[in-house]
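*Asks:*
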Amino acid sequence: MVSASKRPIPEPQEMVAISLIDIRKELQCPICLGIIRRTRTVMECLHRFCGDCIDKAIRLGNNECPSCRAHCASRRSLRADPRFDALVAAVFPNRDRIEKEPRPLFRPLSPYRALFLSLSFPLNPTTWRRR
Numbered sequence: 073m074v075s076a077s078k079r080p081i082p083e084p085q086e087m088v089a090i091s092l093i094d095i096r097k098e099l100q101c102p103i104c105l106g107i108i109r110r111t112r113t114v115m116e117c118l119h120r121f122c123g124d125c126i127d128k129a130i131r132l133g134n135n136e137c138p139s140c141r142a143h144c145a146s147r148r149s150l151r152a153d154p155r156f157d158a159l160v161a162a163v164f165p166n167r168d169r170i171e172k173e174p175r176p177l178f179r180p181l182s183p184y185r186a187l188f189l190s191l192s193f194p195l196n197p198t199t200w201r202r203r
């Protein structure tokens, strides 16, 4: 087994491109839907939220995680996550400008995905069967 510190660096052809839209979804606070700020982690379930958002949710709610409803004893069971904050800062160094830009409601489809969707569903409603 290769330890984490001795893993070989992947070659450029092994790199995977991921859109910022997909990354943003993973770094999004489920409460405010913005990019997470001052990350706080619920230790019982390991869900992450903005510090202000989860503090307010715990204070006003039933001491439970807003994502999965796992019981949280108190705000003391929340932990800061500076490494996650550093990751967010590395991915979105100009986070304030990005959050002010309007997000598109729909992502454009790739030609292959559009073709697949058009072939998957008949366009003529008379061919649909009622059950």
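Take any residue in the sequence shown, note its place counting from 1, add 72, and you have its number in the numbering used here. Cβ coordinates follow ideal geometry from the N, Cα and C atoms, glycine included. No experiment lies behind these values; they were computed from the predicted model shown.
1) Skipping 5 residues on each side, what residues in its chain have a beta carbon closer than 7 Å to that of GLU136?
2) Give a yes or no on whether the C-beta atoms belonging to THR113 and ARG167 are separated by under 8 Å.
3) Is the region 85-97 in contact with the region 110-125, if contact means three or more CB pairs nearer than 8 Å?
4) Whose C-beta lies closer than 8 Å to the C-beta of PRO102 among residues of the same chain, with five residues either side of it excluded?
5) Could you have a look at PHE164 and say whether DSSP puts it in helix, strand or coil?
6) Looking only at its own chain, which residues have a Cβ that is under 7 Å from the Cβ of ILE95, when we skip the five neighbours before and after it?
7) Buried or exposed, going by whether 16 or more other CB atoms sit within 10 Å of the CB of ILE126?
8) Thinking just about the alpha-carbon of each residue, which of ALA161, LEU99, SER149 is nearest to the one in CYS117?
9) Using the beta-carbon count (16 or more within 10 Å), is ILE93 buried or exposed?
10) If you reduce the DSSP assignment to three classes, tell me which class ARG79 lands in.
11) I'd like the list of long-range same chain contacts for ILE130, defined as Cβ closer than 7 Å, with 5 residues on each side in sequence excluded.
*Replies:* On the basis of the data shown:
1) For GLU136, where only same-chain residues beyond five positions count, the Cβ hits under 7 Å are ALA142, HIS143, CYS144.
2) No, these two residues do not count as a Cβ contact at 8 Å.
3) Taking 8 Å as the limit for Cβ pairs, the verdict is that the region 110-125 does not touch the region 85-97.
4) Annotation for PRO102: HIS119, PHE121, PRO138, SER139 place their beta carbon closer than 8 Å to its own, counting only its chain and skipping 5 residues before and after.
5) Coil, per DSSP.
6) Leaving aside the five residues that flank ILE95 on each side, the residues in its chain whose CB is nearer than 7 Å to its CB run, in chain order, VAL163.
7) With 16 or more other Cβ atoms within 10 Å, it is buried.
8) Comparing Cα-Cα distances from CYS117 to each of ALA161, LEU99, SER149, the minimum goes to SER149.
9) Around the beta carbon of ILE93, a 10 Å sphere encloses fewer than 16 other beta carbons of the protein chains shown; the residue is thus reported as exposed.
10) Here ARG79 sits in coil by DSSP.
11) Only CYS144, ARG147 meet the Cβ criterion.
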